[in-house]
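Report on the following structure.
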Amino acid sequence: MTRTVTVGAAQLGPIARDEPRSSAVARMIALLEEAKAKQCQFVVFPELALTTFFPRWYFEQQADIDAFFEKEMPSAETQPLFDRSRELGVGFYLGFAELADENGKVRHYNTAILVDQNGEIVSRYRKVHLPGHVEHEPWRAFQHLEKRYFEPGVNHFEPVEAFGGRVSLALCNDRRWPEIYREAALRGSEIMLIGYNTPAHYPPAPEHDHLQCFHNHLVMQAGAYQNGMWVVGVAKAGIEEGCSLIGQSCIIAPTGEIVAMCGTLGDELVTYDCDLDRCREIRDNVFNFSLHRRPDMYPLLSFVTK
Ligand code: CDV
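In short: position in the sequence shown from 1, add 1, done, that's the working numbering.
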């Protein structure tokens with residue numbers, strides 16, 4: 002008896018700066034309906050899936066920044082996504098900018114949630130690795146001000162029991178850090194969900210621009226194989242406000258093989274029947290942690306370095 006969950010990678014094409022949330026939500030509902038027709042139990046939407054990727058601009062007024070944030074989830078604008086999810090019985094991962102009130106203090110996070118087939122939020126992850134810069138850097142073709150607009154989350158990639166398995170969440174730049182997959186795997190995670198917005202041009206090292214798609218898959222395939230877990234990486238893709246974002250959203254098996262991949266830079270769904278027991282193919286063998294791992298040989302991994 003296998004533990005198979007049918008997962009959808011629900012890529013979005015670009016979202017314009019003036020595109021209302023209701024439009025992004027309608028586009029995601031269309032993908033949810035397609036996912037239902039393809040027997041998905043849940044789909045993964047991208048990072049910051051309700052608005053354009055606003056950290057590409059420098060804003061001086063806090064109100065202009067906060068306009069891209071959600072004060073509640075669900076809100077009046079996102080409730081239709083939750084309602085349709087519940088009606089269809091198809092859950093989802095959603096990335097969005099979260100304005101949280103913590104003991105009267107306002108916090109800004111780059112957040113992902115996992116919503117189950119009853120429309121309930123069962124996991125909330127706040128991005129740990131915030132890339133980019135704090136100050137306005139006009140020499141860049143576009144800004145990447147995540148370090149200015151967000152605070153880092155405090156999460157240990159702990160899995161939640163959902164959809165018959167153990168599911169961990171991460172966001173975009175997190176996928177480049179090998180530690181996240183290992184931490185999640187040591188905690189028993191079987192599938193890692195990752196939404197992303199990755200420009201094809203990287204201003205500090207443009208000599209690597211032609212490698213963006215390669216690096217995207219390289220890190221996620223390595224994370225999957227070296228930890229014996231499924232990985233689902235989902236892009237917001239295409240030309241967004243003049244900025245080219247990579248696509249190639251994909252589902253990766255615990256062997257590191259890409260088993261489904263988007264072929265466009267627009268709204269697109271690809272699906273795969275993920276047998277969660279296949280994690281054992283790797284974890285019982287070459288990456289049997291308790292048998293072969295030597296944590297005493299890597300003490301610096303848990304040290305804070307400057
Ligand atoms: N949204 C992101 O986190 N983007 C980053 C930057 C560095 C391009 C990424 O790692 O893809």
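Glycine included, every Cβ here is placed at the ideal spot set by N, Cα and C.
When the Cα atoms are used, what is the spatial distance from E269 to F158?
Straight-line Cα distance between these residues: approximately 27 Å.
Compute the minimum distance between the beta carbon of P132 and the heavy atoms of the ligand CDV, and state whether it is under 6 Å.
yes
Measuring CB to CB, does W231 end up less than 7 Å from C275?
yes
Can you tell me whether S169 is buried or exposed? The criterion is at least 16 other CB atoms within 10 Å of its CB, across all chains shown.
buried
Under a Cβ-count criterion, where at least 16 other Cβ atoms within 10 Å of its own Cβ denotes burial, should T3 be classed as buried or exposed?
exposed
For a test of your reading of the model: does the CB of C275 fall under 6 Å from any non-hydrogen atom of the ligand CDV? Yes or no.
no
At a cut-off of 6 Å, would you count N198 as near the ligand CDV, judging by its Cβ distance to the nearest heavy atom?
It does: the Cβ of N198 is within 6 Å (strictly closer) of some heavy atom of the ligand CDV.
Pick from E180, L13 and N228 that is closest to E299, judged by C-alpha positions
Checking the sequence, you will find Tyr at residue 299 rather than Glu. Nearest C-alpha to Y299: E180.
Option nearest K128 by Cα separation, candidates R149, P153, Q144 and E34
Here the closest residue by C-alpha is P153.
Between C173 and the ligand CDV, is there a pair consisting of the residue's CB and a ligand heavy atom that are separated by less than 6 Å?
yes
Start and end residues, beta strand (DSSP E) containing H109:
K106 to V116 is the span of the beta strand (DSSP E), which, as asked, contains H109.
My output table needs one value for R167: the three-state DSSP class, helix, strand or coil.
strand
Would you say A236 and Q12 are within 7 Å of each other, going by their C-beta atoms?
yes
At a cut-off of 6 Å, would you count L89 as near the ligand ADP, judging by its Cβ distance to the nearest heavy atom?
Within the structure as shown, the ligand ADP is missing, the only ligands being the ligand CDV.
Just grab the DSSP bridge partners of F93 for me.
Within the DSSP secondary-structure output, F93 pairs in a beta bridge with V44 and V116.
Do R85 and N119 have their CB atoms nearer than 7 Å?
no
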